[in-house]
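Numbering-wise (this note's numbering), the sequence shown opens with residue 363 and increments by one.
Glycine is no exception: its CB is placed at the ideal position from the N, C-alpha and C atoms.
Here is the structure we will look at, set down as structure tokens.
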Amino acid sequence: MAILPIYNCFHPVLRQKTEEVTNIDGEIKKLVDDMFQTMYGTGNGVGLAANQVGISRSIFIVDLSASGDENEKNPLILINPKIEYYSDEVVEDLEGCLSIPQLYEKIPRSKSILVSFYDLKEKEHKLEAEDFLARVIQHEFDHLQGILFFDRLNIIKKALIKSKLKKIEAGEILADYPMILPDGTLIEPELEKK
Ligand code: NI
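Next comes the structure, spelled out in structure tokens:
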């Protein structure tokens, strides 16, 4: 397993729609392993999409306990996910993103959803999710479509974060984990900052 660098949200790979997985082979299994190690390694990620590690495939992982105890881990792997149902009821809550360091904004999301997906054994699942789990799944599903959470802000809020986004794009706001900047440069945090 390997910790992979996270791609900055202004890297083009985060704006491409990902490709469906047609064959769950050793390469996909290794990617999923690496994604978990990467997400757990950041210390505070609860979800990670494959394109956030530069691989444009329709896969994301979720673990709401990611920052918690080893024994409480609850990993979820969603391959070729489809959201089949969105509740009309919408709730707003703070979101962050490993590809968008130090930006947290209140985003409206459906309170509950129904998502179908495949696991690593090519078994199909349908999962009803609500509240925080539904939010994380909608956020990660957006990544696979090339959508970022700040796209869902209204025009006034977008204007308010414009200068911060410019700093993130320029690599002036960094994460405490390795990141690939929009031009492909790898930035590794200094150990003392961790
Ligand atoms: Ni994200």
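(message) Am I right that PHE422 and ALA411 are in contact with their C-beta atoms under 8 Å? What's the rounded C-beta distance?
(response) 4 Å
(request) Within the same chain, show all residues whose beta-carbon is closer than 6 Å to that of SER478, passing over the 5 residues directly before and after it, in chain order. (result) Cβ neighbours of SER478 beyond the five flanking positions: LYS444, GLU446, LYS488.
(message) Spatial neighbours of ILE535 within its chain, please: C-beta separation below 6 Å, excluding the five flanking residues on both sides.
(response) PRO463, GLN464, LYS529, listed in sequence order.
(request) Could you spell out the range, first to last residue, of the beta strand (DSSP E) harbouring VAL498? (result) Not the beta strand (DSSP E): VAL498 falls in the alpha helix (DSSP H), residues 493-506.
(message) Assuming the contact rule is C-beta atoms closer than 8 Å, GLN414 and ILE365 should be a hit. Round their C-beta distance to whole Å, please.
(response) Going by Cβ atoms, the distance from GLN414 to ILE365 rounds to 13 Å, so no, they are not a contact pair.
(message) Please return the same chain residues whose Cβ sits closer than 7 Å to the Cβ of TYR539, not counting the five positions on each side in sequence.
(response) Counting only Cβ-Cβ distances below 7 Å, and skipping sequence neighbours, we find ILE368, GLY403, THR404, PRO551.
(request) Name the two residues that bound the continuous beta strand (DSSP E) containing TYR447. (result) Boundaries of the beta strand (DSSP E) around TYR447: 438-448.
(request) Could you round the C-beta distance between LEU515 and GLU451 to whole angstroms and report it? I think they count as a contact, below 8 Å. (result) Actually they do not touch by this definition, with Cβ atoms about 20 Å apart.
(request) Can you grab the Cα-Cα spacing for the pair ASP504 / LEU522, in whole Å? (result) 22 Å
(request) Output the boundary residues of the alpha helix (DSSP H) element that contains LYS529. (result) 524-531
(request) Assign LEU366 to one of three DSSP states: helix, strand, or coil. (result) coil
(message) Can you tell me which residues form a DSSP beta bridge with LYS379?
(response) In the DSSP output, where bridge partners are listed per residue, LYS379 has none listed.
(request) Within its chain, find whatever has a CB closer than 6 Å to the CB of GLU490; leave out the 5 residues flanking it on each side and keep chain order. (result) So the qualifying residues of the chain are LEU476.
(request) Can you tell me the Cβ-Cβ gap for ILE386 and LEU506, rounded? I've got them flagged as a contact below 8 Å. (result) Incorrect: roughly 16 Å between the Cβ atoms, too far for contact.
(request) Going by CA-CA distance only, name the one from ILE439, ALA496, VAL498 that's closest to TYR480. (result) The shortest CA-to-CA distance from TYR480 to any of ILE439, ALA496, VAL498 is the one to ILE439.
(request) Compute every distance between the C-beta of LEU460 and the non-hydrogen atoms of the ligand NI, then say whether any falls below 7 Å. (result) yes
(message) Given the structure, does HIS501 come close to the ligand NI, in the sense that its CB is under 7 Å from one of the ligand's heavy atoms?
(response) Yes, the beta carbon of HIS501 sits closer than 7 Å to at least one heavy atom of the ligand NI.
(request) Give the single residue among PRO544, VAL375, LYS435, GLY546 whose Cα lies nearest to the Cα of MET401. (result) LYS435
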